[in-house]
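**Q**
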Amino acid sequence: MEQFFKKVILMNDVNILSIESSCDETAAAVVRNGRQVLSNVISSQIETHKLFGGVVPEIASRCHILAIDNVVSQALEDAKMTFNDITAVAVTCGPGLVGALLVGISHAKALAFALNKPLIPVHHIEGHIAANYIEDPEWEPPFICMVVSGGHTHLVHIKDYSEFDILGRTRDDAAGEAYDKVARVLGLPYPGGPRIDKLSLEGDPNAIKFPRVTLENGSYDFSFSGLKSAVLNYINKASMKGEQINNADVAASFQQAVIDVLVQKAILACKEYNSKKFALAGGVSANKHLRAAMQAACDENGITFRVPAPILCTDNAAMIGCAGYYEYLKGNFGSMYLNAYPGLKLGEKINEQYQLQP
Ligand code: KG4
Ligand code: ZN
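Here this note's numbering = 1-based position in the sequence shown + 60.
(1) Take Gly247 as the anchor and find which of Cys205, Ala311 and Ile218 has the nearest alpha-carbon.
(2) Go to Phe365, then tell me how far its beta strand (DSSP E) extends in each direction, as first and last residue.
(3) Quick check on this structure: which residue in Ala127, Cys83, Ala308 and Asp264 has the alpha carbon closest to the alpha carbon of Arg255?
(4) When DSSP builds the beta bridges, which residues end up paired with Pro201?
(5) Mapping DSSP to helix, strand and coil, what is Gly407?
(6) Just to confirm before moving on: does the CB-CB distance between Ala135 and Ser166 stay below 8 angstroms?
(7) Name the residue from Ile295, Val116, Tyr388 and Asn306 whose alpha carbon lies nearest to the alpha carbon of Tyr250.
(8) Can you tell me the Cα-Cα spacing of Val338 and Ala356, whole angstroms?
(9) Quick check: what's the CA-CA separation for Phe270 versus Gly286?
(10) Quick one: is Gly113 buried, meaning 16 or more other Cβ sit within 10 Å of its Cβ, or exposed?
(11) Going by beta carbon distance, what residues of the same chain come within less than 8 angstroms of Asn154, once the five residues before and after it are set aside?
(12) Helix, strand or coil, according to DSSP, for Leu398 in the structure here?
(13) Spell out a yes or no on whether the segment 174 to 182 and the segment 143 to 152 are touching, meaning 3 or more CB-CB pairs, one atom from each, closer than 8 angstroms.
(14) Between which residues of its own chain and Arg351 is the CB-CB distance below 8 angstroms, once the five residues before and five after are set aside?
(15) Could you please give the first and the last residue of the uninterrupted beta strand (DSSP E) stretch that includes Ile102?
(16) Give me the Cα-Cα distance between Asp138 and Leu111, rounded to the nearest whole angstrom.
(17) Would you be able to state if there are at least three C-beta pairs under 8 angstroms between the segment 218 to 226 and the segment 374 to 392?
(18) Tell me whether Leu227 sits in a helix, a strand or coil according to DSSP, three-state version.
(19) Could you check whether the Cβ of Asp281 sits closer than 7 angstroms to any heavy atom belonging to the ligand KG4?
(20) What do you get for Asn72, buried or exposed, if any count of 16 or more other CB atoms within 10 angstroms of its CB means buried?
(21) What are the boundary residues of the alpha helix (DSSP H) that includes Arg244?
(22) Can you tell which of Ala267, Gln324 and Leu406 has its C-alpha closest to the C-alpha of Met354?
(23) Going along the chain, which residues of its own chain have a beta-carbon closer than 6 angstroms to the beta-carbon of Val207, five neighbours each way excluded?
(24) Which same chain residues, not among the five before or five after Ile125, have their C-beta less than 6 angstroms away from its C-beta?
(25) Within 10 angstroms of its Cβ, does Asn347 collect 16 or more other Cβ (buried), or is it exposed?
(26) In chain order, what residues of the same chain have a beta carbon less than 7 angstroms from the beta carbon of Phe203, not counting five sequence neighbours either side?
(27) Going along the chain, which residues of its own chain have a beta-carbon closer than 6 angstroms to the beta-carbon of Cys330, five neighbours each way excluded?
(28) So Gly338 is in the beta strand (DSSP E); what residue range does that whole segment cover?
(29) Quick one: does the C-beta of His109 sit closer than 7 angstroms to a heavy atom of the ligand ZN?
(30) For the 8 angstroms Cβ check, are there 3 or more pairs between the segment 369 to 384 and the segment 86 to 95?
(31) At the level of alpha carbons, what is the spacing between Asp232 and Arg95?
(32) Should Lys301 go down as buried or exposed, given a rule of 16 or more other Cβ atoms within 10 Å for buried?
(33) By how many angstroms is the C-alpha of Val216 removed from the C-alpha of Gly228?
(34) I'd like to check one pair, Asn306 with Gly263: are the Cβ atoms closer than 8 angstroms?
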């Protein structure tokens, strides 16, 4: 079946209109043949959620409803296309906020139905991983990938397009979540990751010795809640003693503790799985210090390193169009009964189990 689809589509360009609405970005893109981004429109809700110090799910859903029509139209306009030029519609179906996901899914289903084009459900994390295929058109599996985002921290062995072995994941907070929480106690606005990234430039990463939590020997799991508590304790103790803290030093030292653990586990996995290719993905991989540290460690160990451009690290629809292309090749289409799957696991397929048939 897969071979049949490949043969049919390789004769024509595949233009995928993709939609992403799993959290606080309403995004649409047009991606040609999985690798060429013809448009990539992102409408961010950050200014709205900033007022509350984090994403408010109900508000996110409402903002998506207001934005989605214009964002999709803009994506087509930027790609200089009409709906007739589209081969299929891809959409993030999980994981994410259920109400937010449903807005994108309903829109995609309506388009696919009206245009009589295939609907392609895409896993959000597979999208993040696929951003590397856009960044480097020659990049192919197998490789080791670390996905560090606001909701997820995964170390994954990418064996083939959409074939994954999860080596490790966070046991508590995701890396981005830890960044956002530490930023909050430092009085920085949401989202805190980019603020800590910037503030760290002025701080000393060795000023405060925060714990590096590596868990059991050889484990690829992560834990960031202990580090987060250590930062909170440090700040509380200093304030009880009436001592002034240096926010830049706290930010830089916290960040260094995160990066040390991520780099150590990444290299360990590459060695154990005999991989000479390593890629970063997800919002936190926009972090300048993390990118530099991973590049240096990979260079030192003879590993080729890739990371998407910062705009493709955080949530966007181009990555969904890219991942959607490889699902399209496999003929993994969704029915009009496709639902939102807020807790969808990486590697869990959108098959009959999820795609209730009429
Ligand atoms: O991948 P993403 O856009 O959304 C999720 O799927 O979760 O990731 C958002 C997360 C937020 O926690 C944000 O603070 C973090 O990525 N982030 C960063 C940076 N840019 C975004 N963290 C550290 N440094 C950055 N430059
Ligand atoms: Zn994401």
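Ideal placement from N, C-alpha and C gives every residue a C-beta, glycine not left out.
**A** According to the structure data:
(1) Ala311
(2) Thr364 to Arg366
(3) Ala308
(4) Paired residue(s): none; Pro201 is not in a bridge.
(5) coil
(6) no
(7) Val116
(8) Going by the sequence as given, residue 338 is Phe instead of Val. Going from the Cα of Phe338 to the Cα of Ala356 covers about 12 angstroms.
(9) 9 angstroms
(10) exposed
(11) Residue identity check: residue 154 is Gly in the sequence provided, not Asn. Correct list, in chain order: Ser82, Leu161, His183, His184, Ala400, Tyr401, Pro402, Gly403 and Leu404.
(12) coil
(13) yes
(14) Leu340, Ser345 and Val367
(15) Gln96 to Ser104
(16) 31 angstroms
(17) yes
(18) strand
(19) no
(20) exposed
(21) Ala235 to Val245
(22) Gln324
(23) Ile185, His188, His214, Ala341 and Gly342
(24) Val163
(25) buried
(26) Ile218, Ser335, Lys337, Phe338 and Ala339
(27) Ile204, Phe338 and Ile363
(28) Before going on, a small fix: residue 338 reads as Phe here, not Gly. Per DSSP, Phe338 belongs to the beta strand (DSSP E) from Lys337 to Ala341.
(29) no
(30) yes
(31) 34 angstroms
(32) exposed
(33) 7 angstroms
(34) yes
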